[in-house]
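Counting from 1, one number per residue, gives the positions in the sequence shown under UniProt numbering.
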Amino acid sequence: MVARHNAPKAAPRGPAARRAGGRADKDGDIAMGVSIKGRGGISKTTPTGPKAESTVKGASVKRGILGPNAQRDILRGAGARDVSMRQPRTSGARGGLVDLKVTGWEKSKASENADQGISALIQWLEKKASTKLGTKRRVKIRKSSVEGSELIIKVASEDVGAIVRMNNYGWAGINISIARLDGAEQEPAAPSAAAEKTKAMLRGVIERRYVLDSKFLNLTELGQDEELRSEQIFDQKSTASKFFPAMMKVLNSVFDRTDDRDAAIISVSLANNELEDLTTVSTLSMTLPKLRNLDLSNNKFANLDKLVIWRKRFYHLEHLIVTGNPLEQNEPNYAQTLISWYPNLRQLNGIQVRTEEEVASKSKITNLPFPIRGPLFLDEGGIAESFIRKFFPAFDADRQAVAIHYFDEKSQFSYAVNTHAPTDPARSQKIEKGEWELYVKNSRNLKKISHLPARQNRIFRGTKAIGNAFAMLPATKHPDLTTEARSWMIEAKMVPCVPDATGASPNGVDGFLITVSGEFEEVNGGKKRSFDRIIVLGPGAGPDGVRVVHDVLTIRGYGGNQAFQPENFEGWIDASQLQQPTTGVEAAAPGLPAGLSLELAEQMVSQLSQKTNMTLAYAKDCLDQTNWSGDAALAAFESVKGNLPAEAFIQPTA
1 MVARHNAPKA APRGPAARRA GGRADKDGDI AMGVSIKGRG GISKTTPTGP
51 KAESTVKGAS VKRGILGPNA QRDILRGAGA RDVSMRQPRT SGARGGLVDL
101 KVTGWEKSKA SENADQGISA LIQWLEKKAS TKLGTKRRVK IRKSSVEGSE
151 LIIKVASEDV GAIVRMNNYG WAGINISIAR LDGAEQEPAA PSAAAEKTKA
201 MLRGVIERRY VLDSKFLNLT ELGQDEELRS EQIFDQKSTA SKFFPAMMKV
251 LNSVFDRTDD RDAAIISVSL ANNELEDLTT VSTLSMTLPK LRNLDLSNNK
301 FANLDKLVIW RKRFYHLEHL IVTGNPLEQN EPNYAQTLIS WYPNLRQLNG
351 IQVRTEEEVA SKSKITNLPF PIRGPLFLDE GGIAESFIRK FFPAFDADRQ
401 AVAIHYFDEK SQFSYAVNTH APTDPARSQK IEKGEWELYV KNSRNLKKIS
451 HLPARQNRIF RGTKAIGNAF AMLPATKHPD LTTEARSWMI EAKMVPCVPD
501 ATGASPNGVD GFLITVSGEF EEVNGGKKRS FDRIIVLGPG AGPDGVRVVH
551 DVLTIRGYGG NQAFQPENFE GWIDASQLQQ PTTGVEAAAP GLPAGLSLEL
601 AEQMVSQLSQ KTNMTLAYAK DCLDQTNWSG DAALAAFESV KGNLPAEAFI
651 QPTA
């Protein structure tokens, strides 16, 4: 059964545009649409996909899927918050009246009215001028008069920009022209008049297709948009490929803050665009990363490989529509795959796939660019496994005994506190004032401790010093390694040149590098923490024949364990069960070019992230879009970096 939800109010009448049959709605608005040809490109052709016509409070959506039920679904949860946006300046004294002339109106379908449609036109102008991206304010036409074929209107100087921006908008079957009567420019002349004209045109397209009340951006059938066709945007491949990225750049520039942008648009439709892949529209995921509803219906996506570059995008996505695409027939299990891609997805094609309770209880993970792989545990004679199974229970029970048993006078221990690490999004644990007080005194966080003497003083050497450092840390309880294996991520491998405590081998001896990620609970207070611990283990004279050479502990806020949960987790895996890690094409993640191994891809992502300061997810997205060419990805970043949102970059910790 599909859970019933209270549907939001229907969206207001859609933006003005020319319908194929020429039929206008009651106030002159006419729906618009989009069409794409070629490989992911936009064209002027008419879609041939299945037709589904519905009405959304006065505005029809042709061949779309926004029927009454689907419309309520895709716009579910629309809020009412207003956001700030940059307003163009107008000339003239603030508070004075400015004369504008409107032409072309006398040829409209409303011209048969008693007043030639003037009252309907003024009402429509006021309505449209009062609604802009993310905001709604009252714009009033103070006076009006007819002089020949021109309608002269008087508006407040601060409202001139809102009225003039509707120049060439469609109303009642015609495109009206609006300009200042004195011929003055609305904005100071820009260095490139053509560029400013293009920006204004793109902004007009966005605003005509934006529904404020439902926070919905309707980008269906762009190839049928009258203004875009008149500009011949899709006549050449070069302009068609640049159109969508340019439109996203203009959209991003509209808002002062990314939070305002994300709050203003929660739903987007790319239906009926003949898209074969996401190449031309990929920048949508960068511009609107927190999108909640997305419609990709009636396109030409042959399989899920055509959508894979958005696999780790849109973490907040709640409703996805992909009906009317060939992938429905080509991939019988596509629904299960899409559900796994988006952990917050509630509805797929209008059908409920998760309840709110399931979403709330499901562990969440964001922006991991590659599939999670299981741990690599290489042991010899069970030495590493035996040490791990004894060390952590003993650390909880008697730390002084641990220091004596495993550490000697040449051993070193240090720890660092990371108070800004990401926390588990599924766990709402209140941050308390001073909760790190017991840790920070001897914390060796190199981002905070810059002086060399202070850094050296926070390295504990020898059994006694290490035992004292252990004693100063709060008492802990780690999960049981056998019964709670999912709470641990443990890797081990043999390493050469480990310092020999006896000095008999100047070049060092073989040892183990052990890395452990997990969690513990503070015995007093019950506070849960996450930790990472790196231990270098070498041969020693102790009862177990081993000694800890180096022990580095990082403590952070509880971040959950979903980040190291591979599929088909089988618990603890000893050395006898391990296979050598795969290499080459077999290890490649979905969507990688043939011959590119997962390991090499990870290195490329890491290198691009270091060079650009982009997050790993954005770095991978950039490489995806340039066919995994490092030079091309770097060049692409340089060309668009000014348009990337703040979340595309690694944020410095305080």
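Where is the CB? At the ideal position from N, CA and C, for every residue including glycine. Please read these numbers as outputs of a predicted model, since none were measured by experiment.
When rounded, the separation of the alpha-carbon atoms in V605 and L284 is 21 Å. In chain order, F314, Y315, L317 and L320 place their CB closer than 8 Å to the CB of Y342, counting only its own chain and leaving out the 5 sequence neighbours on each side. If only uninterrupted alpha helix (DSSP H) runs of at least 4 residues are considered, those enclosed by the region 247 to 284 are 258 to 264.
Taken in chain order, the complete beta strand (DSSP E) segments of 3 or more residues contained in the region 303 to 343 are 319 to 321. Runs of alpha helix (DSSP H) with 4 or more residues, each lying fully within the region 389 to 446, are found at 399 to 406 and 437 to 440, listed in chain order.
For P245, the secondary structure class from DSSP, reduced to helix, strand or coil, is helix. Between E227 and G204, the CB-CB gap stays under 8 Å.
The residue among Y558, V498 and G503 with its C-alpha nearest the C-alpha of E519 is Y558. In the DSSP assignment, M614 falls outside any alpha helix (DSSP H), carrying neither H nor E.
For D159, the secondary structure class from DSSP, reduced to helix, strand or coil, is helix. Checking the DSSP bridge columns, you'll see N218 partnered with S269. DSSP places R547 in the uninterrupted beta strand (DSSP E) bounded by V546 to G557. Per the Cβ contact rule, the region 210 to 219 is not in contact with the region 162 to 178 (fewer than 3 Cβ pairs under 8 Å). Contact check for F512 against M494 passes: the beta carbons are separated by less than 8 Å. Distance from the CA atom of R261 to the CA atom of A646, rounded to whole angstroms, is 12 Å.
For I449, the three-state secondary structure derived from DSSP is coil. Only residues of its own chain outside the window of five on either side were considered, and among them L278 and F301 have a CB closer than 7 Å to the CB of L307, listed in chain order. Around the CB of S340, fewer than 16 other CB atoms lie within 10 Å, so the residue is classed as exposed. Taking L537 as reference, the option from K528, T515 and N524 with the minimal CA-CA separation is T515. Taken through DSSP and simplified to helix, strand or coil, G104 comes out as coil. The beta-carbon separation of I555 and Y415, rounded to 6 Å, stays under the 8 Å limit for a contact.
Cβ-Cβ distances below 6 Å link G117 to S108, A110 and S111 in the same chain, with the five nearest sequence neighbours on each side left out; the list follows chain order.
With a contact defined as Cβ atoms closer than 8 Å, L291 and I266 qualify at about 7 Å. When secondary structure is reduced to three states using DSSP, F470 falls in the helix class.
For N293, DSSP records a beta bridge to S267 and H319. In the displayed model, W171 falls within a strand according to three-state DSSP. S639 places its beta carbon 8 Å or farther from that of V549.
In the structure shown, D621 falls within a helical segment according to DSSP collapsed to helix, strand and coil. In this structure, DSSP gives M286 a helical state, which the three-state scheme calls helix. Counting of Cβ neighbours within 10 angstroms places I351 among the exposed residues, the total staying below 16. The DSSP-derived three-state label of R346 is coil. The straight-line gap separating the alpha-carbon atoms of Y169 and L338 is approximately 38 Å. Per DSSP, the unbroken beta strand (DSSP E) holding S530 starts and ends at K528 to P539. Rounded to whole angstroms, the separation of the alpha carbons of I535 and A633 is 37 Å. Taken atom to atom, the span from the alpha-carbon of V417 to that of A636 is near 37 Å.
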